[in-house]
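To keep things clear, I will list the structure first and then write my remarks on it.
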Amino acid sequence: MSQYALKREIVGTAAEYILKASEGVEQIIEFFQSGREDIATRMMIDLVEGIEWLTQAIDGTKDIHGDHPMDISQANSVLREISEAYENMDYVLLSDLLEYELLPMVNIWRKQLTSIKGVLDNDNATE
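Residue numbers 1 to 127, in full-length UniProt numbering, belong to the letters of the sequence shown in order.
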């Protein structure tokens with residue numbers, strides 16, 4: 001498998017994952033807001049690991065994004081704030097960070113990855 005094909009596959013996997021991540025963030029927010037911190041905190045571990053993988057996947061494939069560059073620079077800062085709120089068990093702040101910082105960022109990435117995947121799929125179909 002060529003490097004390009006591997007990166008195209010990674011973009012496809014990232015585009016599929018980000019749909020689940022977006023839904024997961026919304027579920028976690030709902031659990032925090034309804035007082036189900038036990039479920040929300042368990043889900044947070046997988047979410048943070050997934051977002052970290054996603055940023056690596058985006059960064060590692062940026063050379064094939066074409067006219068759709070993605071900005072992941074704010075991700076580390078947001079994840080650091082989320083981690084601090086999690087460690088301090090500040091679930092109100094954590095819920096707010098998820099809703100007003102992480103979710104909008106993930107939704108932007110979702111749209112961008114979907115566009116990039118569409119372009120790459122079209123390029124593949126014309127080869």
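Positions of the beta carbon are idealized from the N, C-alpha and C atoms, including for glycine. Computed from a predicted structure; not experimentally measured.
- R36 versus T13: straight-line alpha-carbon distance, rounded: 30 Å
- Message: For W109, tell me which candidate among L97, D96, L120 and T55 has the shortest Cα-Cα distance.
- Response: T55
- Quick one: measure Cβ to Cβ for K11 and L113, integer angstroms, because I've assumed they're closer than 8 Å. Rather than Lys, the amino acid found at residue 11 in this sequence is Val. Indeed, because the Cβ distance is near 7 Å, the residues count as touching under 8 Å.
- Query: How is the alpha helix (DSSP H) around E30 delimited, first residue to last?
  - Reply: Q3 to Q33
- Message: Whole angstroms are fine: how far does the CA of R8 sit from the CA of K62?
- Response: 11 Å
- Task: For the alpha helix (DSSP H) containing D46, list its first residue and its last residue.
- Result: E37 to G60
- Query: Three-state secondary structure (DSSP) at G118?
  - Reply: helix
- Query: At what residues does the alpha helix (DSSP H) containing N76 begin and finish?
  - Reply: S73 to E87
- Could you say if the segment 83-99 and the segment 63-70 meet the contact criterion of at least three C-beta pairs nearer than 8 Å? no
- Beta-carbon spacing of V106, I39 below 8 Å: no
- Query: Helix or strand or just coil, what does DSSP make of D90?
  - Reply: coil
- Message: In whole angstroms, give me the CA-to-CA distance for S34 and I28.
- Response: 10 Å
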